[in-house]
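Step one of this worksheet: look at the structure below.
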Amino acid sequence: MINLKELHTDDLSMNSGKLFREQMIENFKAIERELANLSGTNEKLKKLQNALGLSDDDLNNL
Numbered sequence: 011m012i013n014l015k016e017l018h019t020d021d022l023s024m025n026s027g028k029l030f031r032e033q034m035i036e037n038f039k040a041i042e043r044e045l046a047n048l049s050g051t052n053e054k055l056k057k058l059q060n061a062l063g064l065s066d067d068d069l070n071n072l
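In our numbering, the protein residues as written are 11 to 72.
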């Protein structure tokens, strides 16, 4: 699960641009990790679907 930190108004200061940039980079890295996890999970589900002999239509009708 993605844990995105929020930039609160209390954090705004002379360095807020730097803080915001660092937080955005951290958030994008977290999103990339989650996408990689989802991709791996999707591959496993496709293998299971094929092993069970189910079509996409079969799954959509569940």
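For each residue, glycine too, the CB sits at the ideal point set by N, CA and C. Note that the coordinates shown come from a computational prediction; the quantities given were computed from them, not determined experimentally.
Going by C-alpha positions, Gly27 is about 15 Å away from Asn37.
In this structure, the straight-line span from the alpha carbon of Ala61 to that of Leu29 is close to 48 Å. Counting along the chain, Leu69 sits inside the alpha helix (DSSP H) bounded by residues Asp66 to Asn70.
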